[in-house]
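Number of protein chains: 4
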Amino acid sequence: MKAGVIGATGYAGAELVRILAGHPEIDELILSSVSFEGDQLEDIYPNFLGRVSCKLLKAEEVIESSDVVFAALPHGVGEKYAAACMTKKNHFIDLSADFRFDADEAVYNAWYDGKTYQYPDLHKNSVYGLPELNRQKIKKRAASGPVIIGNPGCYPTGGSLGAFPALAKGLNRADIPVIVDAISGVTGGGREPSRSFHYPECADSVAPYKVASHRHSPEIARNLAAMAASGNNPAPQLIFTPRLAPMNRGILSVIYIPLTAQWSVTVNNAMMPPSKEIAAKTAEIRELYADFYRDEPFVRVLPCGMSAATNRVRQSNFCDISVHLDINGSTLIVTSAIDNMVKGAAGQAVQNMNVLCGFNERAGLDMIPALF
Amino acid sequence: MKAGVIGATGYAGAELVRILAGHPEIDELILSSVSFEGDQLEDIYPNFLGRVSCKLLKAEEVIESSDVVFAALPHGVGEKYAAACMTKKNHFIDLSADFRFDADEAVYNAWYDGKTYQYPDLHKNSVYGLPELNRQKIKKRAASGPVIIGNPGCYPTGGSLGAFPALAKGLNRADIPVIVDAISGVTGGGREPSRSFHYPECADSVAPYKVASHRHSPEIARNLAAMAASGNNPAPQLIFTPRLAPMNRGILSVIYIPLTAQWSVTVNNAMMPPSKEIAAKTAEIRELYADFYRDEPFVRVLPCGMSAATNRVRQSNFCDISVHLDINGSTLIVTSAIDNMVKGAAGQAVQNMNVLCGFNERAGLDMIPALF
Amino acid sequence: MKAGVIGATGYAGAELVRILAGHPEIDELILSSVSFEGDQLEDIYPNFLGRVSCKLLKAEEVIESSDVVFAALPHGVGEKYAAACMTKKNHFIDLSADFRFDADEAVYNAWYDGKTYQYPDLHKNSVYGLPELNRQKIKKRAASGPVIIGNPGCYPTGGSLGAFPALAKGLNRADIPVIVDAISGVTGGGREPSRSFHYPECADSVAPYKVASHRHSPEIARNLAAMAASGNNPAPQLIFTPRLAPMNRGILSVIYIPLTAQWSVTVNNAMMPPSKEIAAKTAEIRELYADFYRDEPFVRVLPCGMSAATNRVRQSNFCDISVHLDINGSTLIVTSAIDNMVKGAAGQAVQNMNVLCGFNERAGLDMIPALF
Amino acid sequence: MKAGVIGATGYAGAELVRILAGHPEIDELILSSVSFEGDQLEDIYPNFLGRVSCKLLKAEEVIESSDVVFAALPHGVGEKYAAACMTKKNHFIDLSADFRFDADEAVYNAWYDGKTYQYPDLHKNSVYGLPELNRQKIKKRAASGPVIIGNPGCYPTGGSLGAFPALAKGLNRADIPVIVDAISGVTGGGREPSRSFHYPECADSVAPYKVASHRHSPEIARNLAAMAASGNNPAPQLIFTPRLAPMNRGILSVIYIPLTAQWSVTVNNAMMPPSKEIAAKTAEIRELYADFYRDEPFVRVLPCGMSAATNRVRQSNFCDISVHLDINGSTLIVTSAIDNMVKGAAGQAVQNMNVLCGFNERAGLDMIPALF
């Protein structure tokens, strides 16, 4: 099979190429780049020398020659390629935000610089590609024709997966917000140089940004609502805070989920270390999480006592999750870790292709996380 | 005046020496080290070459020769030195946790490896040295004799300062926990090598640790309760989560404070970007914070639109604070940044000395934060 | 085939496991660890969760059950395992220095803490496993029985490969030393915590260490002499300086090779930028290097104008090499980059296994360097 | 006294402001910025909040109101300000390369984008401001009127200081090049974002750049020649190689100086660890270095056995130097460390002001290097 990547020289695009180059079902890669059309990929990223040699073409040529197409483009420029793929009956997996909001154009418009849908009909039939939420929907749609996938944002992937079991099972009090406090590596900002990602500005420092105003907020809120609804539970409020850390890759989310009385533990003195009841309830909820994700190929619910860490999922498609109960006994604290460029972008896109095409969902994604 | 530092070769002790060496009221430094007794400080830290040359003595010699004594020792070994200082009528500023819990030995015992007070009487008269909370108490006590200061922990400093104004003024709903989610540089772990702080284990990675079980939790909770009480408000519940980031210095805290209805803004659609009402209420609360800290020499309440960042307070005694309102309108999000080794340890200890001794509180602490 | 790893929980051992787990010719891994005998590998390195699950056994059990054995042990403790493997007729690939010096026990003894050979006969028949130097020797020996491989040190790999073509072809003046100035990531120091590799001591800083006294010096010198001899050229003197950089992986070597008059360019004014003659001679030497390594699967000679960089070979078995002529026209400046844990340790060990066993030399080692 | 800084918002300019703000002889700062004219400095660098509040003016206003003027501008735009200062009889300290080459316009032209001198007469009387080379010349010139200082480049500072004693005393063989192999932190690239200094491109990686073609090469060569000439020794050839390391500040140079027979030690077997003769000769040369720099306020010659490290001079104006003899006995290996933003730029500029104005040369520069 031939896989095409439109926008192969951005960070997510290049990571896609790297993963697809080792995918057992992909025979050939067809790549495009607006910035470097006519150049060789390996001239832009010498890492590929001797492994992948590929001329950078026009987007139209990619669509023409490929059996499945990925787009790793800026927001707002890829709809026409999606339309072309639908015409040509090829799946289209979009790593931008353009197809993440389905028919809800107003939300997309409000958060993405006032952009509007150029091909509104396409959005009626696209699917948000978080397999842990929509796998059956993706499969069903693929059974009846070409599919447009809105590949999730990096923060929404880690944040949603950490909260899903609690929301599906109704552990949370609906009247208190769920908080997702996430910290990301700098590759999340992409390949284009800017003050914010200039080495001396972000080295040796941590800072939050876009507090209470990041565009991933509505995407996470929508995911949490959808999962809660799957268990007939009400949608929770969401608070989302992103920070930037001096590392290349990875997102570590800490998620605070207020528990119903039923799932809480009574604590007499929160000035004292956690009691055995806390430990027991933690183990019970951890078991619930492990059950929820038992058949997921890329979610690892860690043993009690461990926390997720970005260096344990580095360069892999895993999402690690750990479960804790707060010292007052009434808030679930979940930690989740992903590699923002893999499960948070390119790896998840390949996972979506695997689901769409009926491949083994692990195909091309069986990397063991790099140790360092 | 002669200043003594017991435990001058740990990270906090050495940072103390560096600050005290530039203090206009200190003429001489008397230093001790158990590990390096008899050596020269500059052999252990060549940074001091040509600037500070000092032989490392016994603790007893330090007490004998100094007018004010700092102790930067492991928890549980410094009480006898405090006792000796009281006898000799010298102030004793302790950077360990031994005097942070006043007479509440049970809490200390429960969180600090079962340690007990060897000199219980000393703890009846020690003062917790967070000047923004206890300045008047420190001054008053100093007026009538030598004082023992329990210098605050690093996390409690940044976390408490960010929450104080809201608690003093009763902005918060008492029935929902305050959350302090903090991320620290690695110097917080001290000078002793260990797996957790081994370069390849913490470089290029972020991870939480001791989730819901860190010993700074009761210290922060106690501070929040004290400040709330000062405004006749009830003590809030606290959730505290520490993380480790790949940087040397700094603590960035994000603090979530649930607001009373009076301080909240009604939001019709939290899927949409923040409204003007949100911005207006944020500015109002920011003003309240600025008023609260107007006379504090080391707290900077940032303009609306900025967030605190550790690289803006690096190598200084500042605590930067920013104020935000969450997208649902009902939770105050505060960010605070300190240098964990300065305002979080050695700088604050010097600030306490300045208060105790009636010096200008800024003396020796007027560093402009390093730009990079 | 079953591969055994003795010492699987050190950094090199764990990296070996990670590579072998994806090797197409290896069906099963048998692992041992002195420190963690009886534990599961994935408890020590949670990265392996869901990918490799393996109990840590005794070294003897590894030898008993494996078809090929790797040892990633401290220097001086593995000879008996080599002996056992020879008896059992299995290849033994040793990542320590024990078999790097062949029969030259005096050099080993002088540089490695006075250790002596316990099984001197083994050293008469071991082979130094730098395939680019000794591939034919390894193959020939493997044809007639089990082989002991002394897997090269990390610095010697990068330093030797960068200098080999010039020495083999006699470009260098023999009367002036060759200089290898190399800088390494911190994983080179291994998994054991120590002051030198404590995060705050090495973050945000660069320092040389063991200047003119590092034990890799005689290993590099021996390699250079061997390659020079292959071209009937005299052995050069060697100067080797290692430095430590704040990064996890990688070694970047800059190698200064004084050129004979024949290979030099006459420069009239070295205060002026390099002339076209410099560029032409550089291209000529670059061509010579490219020819020399034309059939090597893991050496990439970069185009003129590029320099080697550790982030272009990260997580791969490549050695990148670039060639430059100094501004005076008389010294060749070569840069070489490897991943110290792959081509500098575990990857090269697997490459040696591939050569020994007649596998495709690229088997299990076709990783595309990680982009970030 | 009033100090003016033209170009106060670049990295070197801002660092200058930070140092000058604590200088005991400076009462007021007058600042300009083309990019941010009319803004407040503390809005660009919030680090200054509460410490320095200063409106950014035009360059002409700075010159008008200041008693001494610093320029931290791009190369090629500052000559007119120098001319204006001369007219106004004020010293002008230029941090660009414009006045580093004295009357040698051809070299400047060849390396700095073909720029030419607009005010050639100014260059006949400017002084290259490396105090360890030209202190007397600076003083003498200041005695007779306003002076233009060409403040040295960062690499030339560290590289020259490490080589000076050997060249002045004639330790080196003139027929073999001196090699300066230096590695720099990323602030050396300035404040303007670019691909080369984009966080993900330089984090966790080391790479050389502009090998044998960096514009600091002629500046270093000229300095070495000048110092050699001061001892009636011939000018050495120079090879200069810069690398970039993932750290904010600091330059670590390793300098290889081939020794005359008189200063060499005969080594019988360079495969063996260094002999006592090597250690003795090293101590002798170290003593010579210490003597040479005995009266220098900012050069520290380290004890034998130590190497220079950037984290030992961090945030200070020190240059640390260590001395080693190579294993063959015939090459001196010197390591030198500076903070590229202090001794390599802003600190040295202030040192030049101190010399020019007859202040204590240490004034404003007595910082103890930051410990981490």
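Protein chains in written order, with our numbering: chain C, 215 to 586; chain S, 215 to 586; chain V, 215 to 586; chain X, 215 to 586.
Note that beta-carbon positions come from the ideal geometry of N, C-alpha and C, so glycine has one too.
Remember, predicted model here, so these are calculated numbers, not experimental data.
For residue i, decide whether its Cβ has a neighbour in chain S, counting only Cβ atoms nearer than 8 angstroms.
i, result
"X:T524", "no"
"C:D335", "no"
"V:C533", "no"
"C:H538", "yes"
"X:M567", "no"
"C:P360", "no"
Counting contacts by CB-CB distance shorter than 8 angstroms, is residue i in contact with chain V?
i, result
"C:P583", "yes"
"X:F306", "no"
Going by the beta-carbon positions, is the gap between residue i and residue j smaller than 8 angstroms?
i, j, result
"V:I547", "X:T455", "yes"
"X:H237", "X:G558", "no"
"X:I535", "X:G376", "yes"
"X:I434", "X:P487", "no"
"C:S521", "C:T549", "yes"
"C:V564", "C:L344", "no"
"V:A356", "V:F284", "no"
"C:I439", "C:A449", "The amino acid at residue 439 of chain C is misidentified as Ile; the sequence shows Ala. Yes, the pair counts as a contact, with Cβ atoms nearer than the cut-off."
"V:G445", "V:A382", "yes"
"C:I352", "C:L570", "yes"
"S:G259", "S:M555", "One detail in the question is off: residue 259 of chain S reads as Tyr in this sequence, not Gly. Going by C-beta atoms, S:Y259 is not nearer than 8 angstroms to S:M555."
"S:I363", "S:I277", "no"
How many whole angstroms separate the CB atoms of residue i and residue j, which I take to be in contact at a CB cut-off of 8 angstroms?
i, j, result
"V:G165", "V:V479", "Since the displayed chain V opens at 215 and closes at 586, residue 165 of chain V lies outside it and no answer follows."
"C:E251", "C:K272", "6 angstroms"
"S:T401", "S:R463", "6 angstroms"
"C:A551", "C:E229", "No, C:A551 and C:E229 are not in contact; Cβ-Cβ is about 17 angstroms, not under 8 angstroms."
"V:W325", "V:R429", "4 angstroms"
"C:G372", "C:S467", "5 angstroms"
Check whether the Cβ of residue i lies closer than 8 angstroms to any Cβ atom in chain C.
i, result
"V:N462", "yes"
"S:R615", "For residue 615 of chain S there is no data in the structure shown, the boundaries of chain S being 215 and 586."
Apart from the five residues just before and just after residue i, which ones in its own chain have a Cβ nearer than 8 angstroms to its Cβ?
i, result
"C:Y333", "E293, K294, A296 and A297"
"V:I492", "V479, V481, L539, I541 and G543"
"C:C416", "V400, S410, L458 and P460"
Skipping 5 residues on each side, what residues in its chain have a beta carbon closer than 6 angstroms to that of residue i?
i, result
"C:A459", "I397 and V420"
"V:Y507", "V513 and V515"
"S:E319", "Y331"
"V:Y322", "F315"
What residues in its chain sit with their C-beta under 7 angstroms from that of residue i, if we drop five residues either side in the sequence?
i, result
"S:F262", "L255 and E256"
"V:P583", "R526, V527, R528, Q529, S530 and F532"
Give a yes or no on whether 8 angstroms exceeds the smallest Cβ distance from residue i to chain X.
i, result
"C:F250", "no"
"S:D509", "no"
Should residue i be flagged as near chain B, meaning a C-beta pair shorter than 8 angstroms?
i, result
"V:R232", "Any reference to chain B falls outside this structure, whose protein chains are C, S, V and X."
(message) Restricting to runs no shorter than 3 residues, where is the beta strand (DSSP E) found entirely within the segment 519-567 of chain C?
(response) 533-539 and 545-552
(request) List in chain order: all unbroken beta strand (DSSP E) runs of 3+ residues lying wholly within the segment 220-290 of chain C. (result) 242-246 and 282-285
(request) Jot down the residue ranges of each uninterrupted alpha helix (DSSP H) in the segment 455-506 of chain S, minimum 4 residues, whole runs only, in chain order. (result) 490-506
(request) Tell me the start and end of each unbroken alpha helix (DSSP H) in the segment 375-432 of chain S that is at least 4 residues and wholly inside, in chain order. (result) 413-416
(request) Only counting runs of 4 or more residues, tell me where the alpha helix (DSSP H) segments fall wholly within the segment 333-375 of chain C, in order along the chain. (result) 334-339 and 345-357
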